[in-house]
Amino acid sequence: MRSCPQSIAGAFVSKGGGAWAGRILIGLWATPSVARADAGGGTPSLFMPVAEPAQSILDYGTLLVLICAVIFVVVMGLLTFTVIRFRASAADNDEEPPQVYGSDQLELAWTIVPVLIVIVLGLITAGRIVALQKDTRPEGSLAVRVVGHQWWWELEYPDLGFVTANELHLPLGQVAFLTLESDDVIHSFWLPQLAGKLDVIPNRKNTMWIEPQKTGMFVGQCAEYCGTQHANMLLRVFVHEPEDFERWVREQQLEARRVDAHAEGRALFAQTACVNCHTVRGLTEIGSFGPDLTHLMSRTTLAAGAAANDEASLVDWLTDPDHIKPGVRMPAMKLSHSQIARLAGYLSSLE
Amino acid sequence: MTQPLPLPFAPPLAPPLAPPRAPAVAPVGWNRGRVGMACLIFGESTFFSVFVVAYLFYIGKSGSGPQPSDVLEFPLVATLCLLSSSATAGLAVKALAQGNAARAGVALALTVGLGAGFLGATANEWFGLIYGHGLTIGTNLFGTTFYSLVGFHAAHVALGLLMLSLVLGGVLAGKLGPEHSERVEMVTWYWHFVDAVWIVVLTTVYVVGV
Amino acid sequence: MSASTETRVPEAAKRTTSGWSQSLHDWVTTVDHKRLGILYIGAGFFFLVIGGVEAILMRAQLAVPANTFLGPQEFNRLFTMHGTTMVFLVGMPIVTGFGNYLIPLMIGARDMAFPRLNAWGFWMFLLGGIVLYMSYFASMGLYGAGTAPDVGWFAYAPLAGKAFSRGNATDYWILGILISGFGSVSGAINMLTTTLTMRCPGMTMNRLPLFVWMMLVVSFLMLLALPVLTGAQVMLLFDRFMGAHFFDTQAGGDAVLWQHFFWFFGHPEVYILMIPGFAYASEIIPVFSRKVIFGYSFMVAATLAIGLVAVGVWAHHMFTVGMGKGLSVWFAVMTMIVGIPTGIKLFNWIATLYGGKILMRTPMLFCLGFLGQFLVAGLSGILLSGAPLNWQLSDSYFVVAHFHYVLIGGLVFTIFGACYYWFPKMTGRLLSERLGRWHFWLFFVGFHLTFTTMHVQGVLGMPRRIYTYPVERGWEVWNAISSSGAILQALGVAVFLFALAQAFRRPQWAGPDPWNAWTLEWSTSSPPPAYNFLTIPEVRSRRPLWDLKHPDDPDWEHE
Chain Y
380 MRSCPQSIAG AFVSKGGGAW AGRILIGLWA TPSVARADAG GGTPSLFMPV
430 AEPAQSILDY GTLLVLICAV IFVVVMGLLT FTVIRFRASA ADNDEEPPQV
480 YGSDQLELAW TIVPVLIVIV LGLITAGRIV ALQKDTRPEG SLAVRVVGHQ
530 WWWELEYPDL GFVTANELHL PLGQVAFLTL ESDDVIHSFW LPQLAGKLDV
580 IPNRKNTMWI EPQKTGMFVG QCAEYCGTQH ANMLLRVFVH EPEDFERWVR
630 EQQLEARRVD AHAEGRALFA QTACVNCHTV RGLTEIGSFG PDLTHLMSRT
680 TLAAGAAAND EASLVDWLTD PDHIKPGVRM PAMKLSHSQI ARLAGYLSSL
730 E
Chain X
107 MTQPLPLPFA PPLAPPLAPP RAPAVAPVGW NRGRVGMACL IFGESTFFSV
157 FVVAYLFYIG KSGSGPQPSD VLEFPLVATL CLLSSSATAG LAVKALAQGN
207 AARAGVALAL TVGLGAGFLG ATANEWFGLI YGHGLTIGTN LFGTTFYSLV
257 GFHAAHVALG LLMLSLVLGG VLAGKLGPEH SERVEMVTWY WHFVDAVWIV
307 VLTTVYVVGV
Chain A
-13 MSASTETRVP EAAKRTTSGW SQSLHDWVTT VDHKRLGILY IGAGFFFLVI
37 GGVEAILMRA QLAVPANTFL GPQEFNRLFT MHGTTMVFLV GMPIVTGFGN
87 YLIPLMIGAR DMAFPRLNAW GFWMFLLGGI VLYMSYFASM GLYGAGTAPD
137 VGWFAYAPLA GKAFSRGNAT DYWILGILIS GFGSVSGAIN MLTTTLTMRC
187 PGMTMNRLPL FVWMMLVVSF LMLLALPVLT GAQVMLLFDR FMGAHFFDTQ
237 AGGDAVLWQH FFWFFGHPEV YILMIPGFAY ASEIIPVFSR KVIFGYSFMV
287 AATLAIGLVA VGVWAHHMFT VGMGKGLSVW FAVMTMIVGI PTGIKLFNWI
337 ATLYGGKILM RTPMLFCLGF LGQFLVAGLS GILLSGAPLN WQLSDSYFVV
387 AHFHYVLIGG LVFTIFGACY YWFPKMTGRL LSERLGRWHF WLFFVGFHLT
437 FTTMHVQGVL GMPRRIYTYP VERGWEVWNA ISSSGAILQA LGVAVFLFAL
487 AQAFRRPQWA GPDPWNAWTL EWSTSSPPPA YNFLTIPEVR SRRPLWDLKH
537 PDDPDWEHE
């Protein structure tokens, strides 16, 4: 059981408005990011950045939180003191207390201090915005083209010549420059541990950058409501050592495997409506409405996280996608059991 | 906690007949008709602003279909009709305030006629655009923003005409006199507003957008 | 004593009991601002219960990961209807209702400037609500996209366009709000005109109760913002029905344009909702501290400043859209600036409490909760205004926590305070103090369980509007806690409804001035007669009743 005592304790620290900060800190440090065998990625916490600009954003955010925490303590303290100190007692006579109509000096004081805080905060914020938003592609960066669809992510590496889906692979220490587009409605590309989110909007190209600083697998998901399966438009990012990344690229650049045992399945795939939506490089390249399946088995989940990526799930998916991901754009293909079995066999050979 | 209190404003047991209104402290000339109409005009202005902004935003962005410079002609007749109808409306109010119902009626009739002329000119323009050039609200972004902006303005003209016709009817039937001139003036305020919006529309569509 | 009471009592007044059908007829045809105010508030609370049920269903679904209690379509409709209901069918009518009821009484007038427009406004609002909820009764339609809208309460394009929202679900959303929007605009015209032209002798603008000043700013914002929403919605209707392309990205339209229009309305809208909360607090806190409000002029100036600056901050809802750096800087800084006058008001309320004799009656309890919670809400707002941090927190549960802190922790708490404070004036009966405490504490604990925790989910990367989440994310403990709080809040509201019923079954009569207060509404009976005051009062200060009760030390010598 992954909820360790600290997180539960953290949850029950004082319920007063005054301790939410403390509760968060305890809860966050205590929340483990245990990766399970079939899943992994753990909690995409803002407090555990693994890349720039997420680290810089956290630093900036920490400063803001500290300033707000000080303000909170001061004002809440004043309020609490006032309420306790000036509470009417039962022994009070009916005399009204002295009526104080105002004080220009006090008003000036508590106007000037917030103004100063805002000036400082505003300047820092402006500086961070200018520093962290890069609109042009840096030299030597890795180009990635992200296209949001209902409800999956198309990821193209234009300079490397292949397209994949839902799982972003990046090399450690190199800046990746992403262009973000959408094929239908507005989605939002969010990997909390790597960068702030950015919307993908039809008819518009947005850009962002990521410089990973730790290897591993990290998760995110779509963060702009985009219809029925918005909740299941999950993202995974795999950060590799440069050599491992190179290896992955080479594997992805290959055309689809041709395994003789699955020749029937392959032929079936080529003859059925599958090819209208799905590309398998080396077999058919006319379909772009659905994810590229050339190296389907190199991915860890199906349907942007809706199911595990194994043959059994493939059978279920081909039989009735809507059962696994209600509302999904892929229709049930109304194939026979044996046809599905052959197709699933073929697809599970696409490593 | 509850203190017994002498109440100078205690109500009687039965409702009296309407007591007289005490004078308020509003600035001179601020009565509820004027403030109310000013508020309505303010709200309508923000409504129109949205369509003006959309029009300006989409200038030059229509990829295909008829473009403004190809199909639009400066609506001189319509503009003259509408602007002079504001003048006649003002004359009508003045005449009514002076008790000259006949002159007020004529001025109002002219206003309504000129307003109708504006609408007729607009209808004529739209006929040409739709059937002559094939421009509809769905043709391209120009069509979308043009018809909605000009159309909403025309709808407000029609509404104003309706109100003015009712006033005209009242004057002709002898039911409206100098004591109503304040309220009639509020109707003409609306009419002047519609006129002012036309100037904005004119500038946006036929000057800036072309 | 009063002037000559030699009056012929009209026939209608001799009828001492009316049948229920006569009562119903009177209420349906009323143009009396007090009855319309009660109708507005009552309808608002009715929709509050509905919106609350929608929330409870959602929290039940989210209480555990990978839950199957609700499917995605049901959940998506629920959050759309919940948000739309709470903003347009609960918040707007309740603030309009209190404004309607109290403004004429506070300024010594007999009714609003346009009583019939007032009535029209109420029935338009109600019609809009009915149209929206008709959607639940609509059939699924040919494309399976009928029934209730599921595009979110701000219906971003192009999701809300014809291509991606087929059927008529979204049209119910558009029309429901469009129609009820006419009600709000007419209410604003009424409140503004009444305040500016119908004040009693001696009541200069400088002597207006703060409540009235704040409703004046609210009315101005309504006139500015609501027609913008109307315009945008009409554009969406044109897109959906007439083939227009305002937001049709497949024809060159711009999806972000909708966001600009919507939030240009949307941000003033949240001030339209919150400033009346400030208004209630500004009346309740002085009375229950037994002190005059501290810094009246600065409170007025701060409210005016908020009203003006609030118009220029809308794109802080759009930091993740990919705006240029200049725009991001502008909106971040402007948003921080609007925090300054808001903070000033908070300090003035605390200064009012300071040195007073604080009576911990139910209205005050709710206002104290408001003060602490609004402080947190404002600070989480400052965090969100920092654009780089916003890039992380936007569209996450941190934002959900922030705006519920504002709207529940701020507005709903002060609304409850206002109910306990003015219910005696409206009905002549006090609400039970004991039940009030139960209500407060249940609701307070429940609120914090749900929404204080929610900041954590946001910081842990949980986006909003998801109908479920995987168990690996580590969000389940926090979601479970949030869900548990919903139950307590529901219980709190149930206690409140019970208290309302009890006040009619076992009345404690309030008299004209149960709180020993100072503004004009307390000078007439509870409930007031139809004509409010026998004679129009004349005032010489901001607290006319204080002057009467303390002739040795009247306010006008200090103002």
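Protein chains in written order, with our numbering: chain Y, 380 to 730; chain X, 107 to 316; chain A, -13 to 545. Cβ atoms here follow ideal geometry from the backbone N, Cα and C, with glycine treated the same way. Only a predicted model underlies this, so the values are computations on that prediction, with no experimental measurement involved.
- By Cβ distance, which residues of its chain are closer than 6 Å to V300 of chain X, with the 5 residues on each side in sequence left out? In the second sequence, the residue the question calls residue 300 of chain X occupies position 194. Within the same chain, V300 of chain X has close Cβ partners H262, V263, G266.
- Query: Helix or strand or just coil, what does DSSP make of E431 of chain Y?
  - Reply: Within the first sequence, residue 431 of chain Y is the residue found at index 52, counting from 1. In the structure shown, E431 of chain Y sits in a strand (DSSP, three-state: E or B).
- Message: So, under 8 Å CB-CB, S172 of chain A and F74 of chain A are touching, yes? Tell me the CB distance rounded to an integer number of Å.
- Response: Position 186 of the third sequence, counted from the first residue, corresponds to residue 172 of chain A. Position 88 of the third sequence, counted from the first residue, corresponds to residue 74 of chain A. That pair is no contact at about 15 Å.
- Task: Taking only the alpha-carbon atoms, compute the straight-line gap between G94 of chain A and G497 of chain A and give it to the nearest angstrom.
- Result: One-based indexing of the third sequence puts residue 94 of chain A at position 108. One-based indexing of the third sequence puts residue 497 of chain A at position 511. So the two alpha carbons sit approximately 19 Å from each other.
- Assuming Y119 of chain A and T82 of chain A make a contact with CB atoms under 8 Å, what is their CB distance in whole Å? Here residue 119 of chain A refers to the residue found at position 133 when the third sequence is read from its first residue. Here residue 82 of chain A refers to the residue found at position 96 when the third sequence is read from its first residue. About 19 Å separates the two Cβ atoms, so there is no contact after all.
- Nearest neighbour of V457 of chain A, chosen from A:P51, A:H19, A:L10 [CA to CA]: As a working mapping, residue 457 of chain A is identified with position 471 in the third sequence. Closest option to V457 of chain A, Cα to Cα, is A:P51.
- Item | Proximal residues of chain Y, C-beta to C-beta of E545 of chain A below 9 Å | For this step, residue 545 of chain A is matched to residue 559 along the third sequence. For E545 of chain A, the C-beta contacts it makes with chain Y under 9 Å involve Y480, in order along the chain.
- Any Cβ of chain X within less than 8 Å of the Cβ of H231 of chain A? Residue numbering aside, residue 231 of chain A sits at position 245 when the third sequence is read from its first letter. Output row for H231 of chain A: interface = yes.
- Query: Near D514 of chain Y, which residues of its chain fall below 7 Å by C-beta distance, leaving aside the five closest residues on each side in sequence?
  - Reply: For the purposes of this step, residue 514 of chain Y is identified with residue 135 of the first sequence, where counting begins at 1. Hits under 7 Å: T586.
- Query: What residue does the beta strand (DSSP E) around F568 of chain Y start on, and which one ends it?
  - Reply: Sequence index remark: in the first sequence, residue 568 of chain Y carries index 189 (1-based). Its beta strand (DSSP E) spans residues 566 to 568.
- Whose C-alpha, out of Y:E643, Y:D563, Y:F617, is nearest the C-alpha of H609 of chain Y? Within the first sequence, numbered from 1, the residue matching residue 609 of chain Y stands at position 230. Here the closest residue by C-alpha is Y:D563.
- Message: Closer than 7 Å between beta carbons: that is the criterion. Which residues of the stretch 133 to 149 of chain X meet it against chain A?
- Response: Residues passing the 7 Å Cβ filter: W136, N137, R138, V141, G142, C145, L146, F148, G149.
- Query: Looking at the structure shown, is A640 of chain Y part of a helix, part of a strand, or coil, going by DSSP?
  - Reply: As a working mapping, residue 640 of chain Y is identified with position 261 in the first sequence. Of the three classes helix, strand and coil, the one that applies to A640 of chain Y here is helix, per DSSP.
- Task: Say whether chain X places a C-beta atom closer than 8 Å to the C-beta of I175 of chain A.
- Result: Your numbering for residue 175 of chain A matches position 189 in the third sequence. Yes, contact with chain X.
- Task: Determine contact between the stretch 293 to 300 of chain A and the stretch 361 to 369 of chain A, defined as no fewer than three beta-carbon pairs at a distance below 8 Å.
- Result: no
- Task: Please list the partners that P58 of chain A has in chain Y, where partner means a Cβ-to-Cβ separation under 7 Å.
- Result: On the third sequence, residue 58 of chain A is found 72 positions in, with the first residue counted as 1. Ordered by position in chain Y, the residues that pass the 7 Å Cβ test against P58 of chain A are T607, Q608, A610, P705, G706.
- Query: With 8 Å set as the bound, which would you pick, yes or no: does the beta-carbon of K311 of chain A sit closer than that to a beta-carbon of chain Y?
  - Reply: On the third sequence, position 325 is the one that residue 311 of chain A refers to. At least one CB atom of chain Y sits nearer than 8 Å to the CB of K311 of chain A.
- Could you check what DSSP says for M440 of chain A in three-state terms: helix, strand or coil? Here the question's residue 440 of chain A lines up with position 454 in the third sequence. Of the three classes helix, strand and coil, the one that applies to M440 of chain A here is helix, per DSSP.
- Message: Could you tell me the alpha carbon to alpha carbon distance between T245 of chain X and Y604 of chain Y, rounded to whole angstroms?
- Response: Locating residue 245 of chain X in the second sequence gives position 139, where the first residue counts as 1. Locating residue 604 of chain Y in the first sequence gives position 225, where the first residue counts as 1. Their Cα atoms are separated by approximately 30 Å.
- For a contact meaning CB atoms closer than 8 Å, what does Y439 of chain Y contact in chain A? To locate residue 439 of chain Y, count along the first sequence from 1; it is residue 60. Simply G372, P374, L375.
- Item | Alpha-carbon spacing of E546 of chain Y relative to F233 of chain A, whole angstroms | What you label residue 546 of chain Y is simply residue 167 of the first sequence in a count that begins at 1. What you label residue 233 of chain A is simply residue 247 of the third sequence in a count that begins at 1. So the two alpha carbons sit approximately 31 Å from each other.
- Query: Any C-beta of chain A sitting closer than 8 Å to the C-beta of Q512 of chain Y?
  - Reply: For the purposes of this step, residue 512 of chain Y is identified with residue 133 of the first sequence, where counting begins at 1. Yes - at least one Cβ of chain A is within 8 Å of the one on Q512 of chain Y.
- Message: I need the straight-line Cα distance from T461 of chain Y to A467 of chain Y, nearest angstrom please.
- Response: Here residue 461 of chain Y corresponds to residue number 82 of the first sequence, with the count starting at 1. Here residue 467 of chain Y corresponds to residue number 88 of the first sequence, with the count starting at 1. T461 of chain Y and A467 of chain Y: Cα-Cα distance of roughly 11 Å.
- Query: With a cut-off of 8 Å, does the C-beta of L614 of chain Y fall near any C-beta of chain A?
  - Reply: Counted from its first residue, the first sequence places residue 614 of chain Y at position 235. Not one chain A Cβ lies under 8 Å of L614 of chain Y.
- Query: With 8 Å set as the bound, which would you pick, yes or no: does the beta-carbon of P710 of chain Y sit closer than that to a beta-carbon of chain A?
  - Reply: Residue numbering aside, residue 710 of chain Y sits at position 331 when the first sequence is read from its first letter. Chain A contact via Cβ: absent.
- Query: Going by the beta-carbon positions, is the gap between L559 of chain Y and L539 of chain Y smaller than 8 Å?
  - Reply: The residue labelled residue 559 of chain Y in the question sits at position 180 within the first sequence. The residue labelled residue 539 of chain Y in the question sits at position 160 within the first sequence. Cβ atoms of L559 of chain Y and L539 of chain Y: not closer than 8 Å.
- Interface residues of the stretch 632 to 664 of chain Y facing chain A [CB-CB below 8 Å]: For the stretch 632 to 664 of chain Y, which is checked against every Cβ of chain A, not one residue is closer than 8 Å.
- Are three or more beta carbon pairs between the stretch 455 to 469 of chain A and the stretch 430 to 439 of chain A nearer than 8 Å? yes
- Message: Just to check my reading of the structure: V199 of chain X and T294 of chain X have Cβ atoms closer than 8 Å, yes? What is that Cβ distance to the nearest angstrom?
- Response: Numbered from 1 along the second sequence, position 93 holds the residue referred to as residue 199 of chain X. Numbered from 1 along the second sequence, position 188 holds the residue referred to as residue 294 of chain X. Indeed they touch by this definition, with Cβ atoms about 5 Å apart.
- Under 8 Å between C-beta atoms of L215 of chain A and F251 of chain A: For this step, residue 215 of chain A is matched to residue 229 along the third sequence. For this step, residue 251 of chain A is matched to residue 265 along the third sequence. Closer than 8 Å, so yes.
- Item | For R526 of chain A, the three-state DSSP class (helix, strand or coil) | As a working note, residue 526 of chain A is residue 540 in the third sequence. Looking at R526 of chain A - three-state DSSP - the assignment turns out to be coil, as it is neither helix nor strand.
- Consider the Cβ of P540 of chain A: report whether some Cβ of chain Y lies at a distance smaller than 8 Å. Along the third sequence, read from residue 1 onward, the residue named residue 540 of chain A stands at position 554. For P540 of chain A, the answer is no, since every Cβ of chain Y falls outside 8 Å of its Cβ.
- Message: I need the straight-line Cα distance from Q631 of chain Y to A544 of chain Y, nearest angstrom please.
- Response: Looking up residue 631 of chain Y in the first sequence gives position 252. Looking up residue 544 of chain Y in the first sequence gives position 165. Going from the Cα of Q631 of chain Y to the Cα of A544 of chain Y covers about 12 Å.
- Cβ-Cβ distance between P355 of chain Y and V694 of chain Y below 8 Å: This structure gives no information on residue 355 of chain Y, because the portion of chain Y shown stretches from 380 to 730.
- Can you tell me whether DSSP reads S191 of chain X as helix, strand or coil? If you number the second sequence from 1, residue 191 of chain X lands on position 85. Helix.
- By DSSP, does P517 of chain Y sit in helix, in strand, or in coil? On the first sequence, position 138 is the one that residue 517 of chain Y refers to. P517 of chain Y falls in the coil class under three-state DSSP.
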